[in-house]
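Q:
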Amino acid sequence: MALKDWLGRIRSKPSEAEAPLSTPPGQLPEPETPLGTPTLPSAAMPGLPASPIPVPPPFTAPSPLARLGAAPEPAPEPAPFEITLTPEEEAALREAGFEAEPEAEPQPPPASLPTPPLPVDEPEEAARAGWFSRLRAGLSRSTARLTDSVTTLFRKRRLDEEALEELEETLITADLGVAASRRIVEGFRRTRFGKEVTDEEVKAALAEEIGTILAPVAQPLVLDPARAPHVVLVVGVNGTGKTTTIAKLGQQYREGGLSCAFVAGDTFRAAAVEQLQIWGERTGARVFTPAKEGADAAGLAFDALTAARAEGVQVLLVDTAGRLHNKTALMEELRKVIRVMKRVDPEAPHSVLLVLDATTGQNAVQQVKVFKEMVDVTGLAVTKLDGSAKGGVVVALAQEFGLPVHVVGVGEKAADLRPFTARDYARGLVGLP
Ligand SMILES: Nc1nc2c(ncn2[C@@H]2O[C@H](COP(=O)(O)OP(=O)(O)OP(=O)(O)O)[C@@H](O)[C@H]2O)c(=O)[nH]1
Ligand SMILES: [Mg+2]
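Here you go:
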């Protein structure tokens, strides 16, 4: 798809409201909000190159911090962490998907590095059709549960107390969570109690109620390239899609004309660093890498931010480890990365993006709780909605945390990471076109 055109088109109407809920069947809605498109008009960003930026050579910090004369954090090697967790905190972390990993466990070299396909240009309509069909397919597990039950429950039936109870159960089973399910059922009780309803009416009403819950969180990741750089710290448990989300965002930002660099902050795994380097080569983004495996991630972040600032890089995407030898260490490392970056720019990181894997369902709720306690999460990215996703959990997240959902992923290509749109998602979830 001509993503550049799309971004440009969107940029010219950044505050366009969402389209009405009633898109005619078969007609695909317009993309609504720009993905991380800066709100500044391009005129406010002098120096923005009109053509692709030349690929800079990869950067390797020769020795984190030492180069700079001013050492922000003295210890080049991570010190043993002193924080102890309560049994409840430990249990919460375990429940959130953190694996208990022995400290000295050697990481076997990967047989081959993930080499996701390069984004390809598709005709715009085809790309859009592909996107929505993949989103709908991804939501199919939740959709099937919901629509089957709704159809069975409400073929033609009075919406009485028993029906409402069954509807609530259905919604909870479809991963929407207790609070959101209750809220939706209360909406039904207020507006439709005692009325004869059909399954189609119930689905349409459900899409509306769900859309109402999702609308406030459907917010693009707004960058301010004038910060030079706008720092996005990307966090999440292992395997959720942090590194590929960075690559996809980087690709899109570069196509949108922004200068962008990556920080390979998952310093404990050579494969993770290499994975980001590959993406750097593909997208033309500069990659800041650690001097050696296991180097201090905070030192690397400090060096990278300092260099990026000096060079006027507009967006700096910082990758982090999904796991360390223990979870206390993970927390401490994240906090340290943030602390150290603040010495370069007191407002950095400007965004903290928590990446969640949609296939984990309710587990994602627990992950948000844990990461919110650790760091100031500013928004969410939900990946893998193209798999056998439990997409209903996004409704639970919206209801429980109200955190912006910036982007959702339905595949491996850069164009498969898209802005989250409440209306499409809600209708997709209940199986409506
Ligand atoms: N199908 C699909 N796969 C995805 C999506 N996002 C990421 N992946 C895949 O998920 C796998 C893990 O992605 P990574 O980006 O390496 O995840 P990570 O969070 O960086 O993992 P760690 O660094 O191990 O913590 C890769 O094989 C990705 O290609 C998506 O939206 N759809
Ligand atoms: Mg990674």
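Counting with my numbering, you get residues 5 to 437 for the letters of the sequence shown. Cβ coordinates follow ideal geometry from the N, Cα and C atoms, glycine included.
For the alpha helix (DSSP H) that Arg-339 lies in, which residues bound it at each end?
A: 331 to 348
Q: Could you spell out the range, first to last residue, of the alpha helix (DSSP H) harbouring Ser-510?
A: The structure shown has nothing for residue 510, since the chain only spans 5 to 437.
Q: If you run the structure through DSSP and keep just helix, strand and coil, what is Asp-361?
A: strand
Q: Starting from Gly-303, trace the beta strand (DSSP E) both ways and give me its first and last residue.
A: Unbroken run through Gly-303 is the alpha helix (DSSP H), 301 to 315; no beta strand (DSSP E).
Q: For ligand 1, is there a heavy atom less than 7 angstroms away from the beta-carbon of Lys-246?
A: yes
Q: Is Gly-413 near ligand 1, going by C-beta to nearest heavy atom under 7 angstroms?
A: yes
Q: Any heavy atom of ligand 1 closer than 7 angstroms to the Cβ of Thr-387?
A: yes
Q: Among the candidates Val-381, Glu-416, Arg-431, whose CA atom is the shortest distance from the CA of Lys-388?
A: Glu-416
Q: Bridge partners of Arg-422, per DSSP?
A: Val-412
Q: Taking C-alpha atoms, which residue in Thr-287, Ala-265, Thr-293 lies nearest to Glu-278?
A: Thr-293
Q: Roughly how many angstroms separate the alpha carbons of Ala-251 and Leu-280, rounded to a whole number?
A: Each residue's alpha carbon lies about 7 angstroms from the other.
Q: So does the segment 232 to 244 actually touch the segment 373 to 387, counting three or more Cβ pairs closer than 8 angstroms?
A: yes
Q: What does a CB cutoff of less than 6 angstroms around Asp-361 pick up in its chain, not counting 5 residues either side in sequence?
A: Thr-244, Thr-387, Lys-388
Q: Given a threshold of 16 other Cβ atoms within 10 Å of its Cβ, counted over all protein chains shown, does Thr-247 qualify as buried or as exposed?
A: Flag for Thr-247 reads buried.
Q: Arg-427 by DSSP, collapsed to three states: which one?
A: helix
Q: Check Thr-263 in the structure and name its three-state DSSP category.
A: The residue you asked about is not Thr; residue 263 is Ser in the sequence shown. Correct three-state label for Ser-263: coil.
Q: Classify Leu-275 as helix, strand or coil using the three-state DSSP reduction.
A: Here residue 275 turns out to be Ala, not Leu, going by the sequence shown. Ala-275: helix per DSSP, three-state reduction.
Q: Rounded to whole angstroms, what's the CA-CA distance from Leu-143 to Val-411? Just pull it up for me.
A: 15 angstroms
Q: Quick check on Asp-179: buried or exposed, where buried means 16 or more other Cβ atoms within 10 Å of its Cβ?
A: buried
Q: Considering just the uninterrupted stretch of the alpha helix (DSSP H) at Ala-325, what are its terminal residues?
A: Looking at the DSSP string, Ala-325 is not in any alpha helix (DSSP H), and its letter there is neither H nor E.
Q: Roughly how far, in whole angstroms, is the beta-carbon of Arg-138 from the beta-carbon of Asp-390, given that I think they are within contact range, below 8 angstroms?
A: 5 angstroms
Q: Quick check on DSSP: helix, strand or coil for Phe-292?
A: strand
Q: Please indicate yes or no: does the CB of Glu-297 lie closer than 7 angstroms to some heavy atom of ligand 1?
A: Flag unset: Cβ of Glu-297 not near ligand 1.
Q: Return the Cβ separation of Leu-262 and Gln-318 in integer angstroms, given the expectation that the two are a contact with Cβ distance under 8 angstroms.
A: 5 angstroms
Q: Considering Val-397, what are the terminal residues of the alpha helix (DSSP H) in which it resides?
A: 397 to 405
Q: Let me confirm a value: Thr-287 is counted as buried when at least 16 other C-beta atoms fall within 10 Å, else exposed. Which label applies?
A: Burial call: buried.
Q: Alpha carbon to alpha carbon, how far is Phe-192 from Ala-301? Give it in angstroms, no decimals.
A: 50 angstroms
Q: Have a look at Thr-151 and Val-201 and give me their C-alpha separation to the nearest angstrom.
A: 15 angstroms
Q: Could you tell me the distance, in whole angstroms, from the CA atom of Leu-320 to the CA atom of Lys-346?
A: 14 angstroms
Q: Which residue wins for smallest C-alpha separation from Lys-340, given the options Pro-408, Arg-273, Gly-269?
A: Among Pro-408, Arg-273, Gly-269, the Cα nearest to that of Lys-340 belongs to Gly-269.
Q: Identify which residue in Val-226, Ala-308, Lys-296 has its Cα closest to the Cα of Phe-266.
A: Ala-308
Q: Please name the residue, chosen from Glu-315, Asp-228, Thr-249, that lies closest to Ala-385 on a Cα-to-Cα basis.
A: Measuring from the Cα of Ala-385, the nearest candidate turns out to be Thr-249.
Q: Do Ser-153 and Gly-395 count as a contact pair if the criterion is CB distance below 8 angstroms?
A: no
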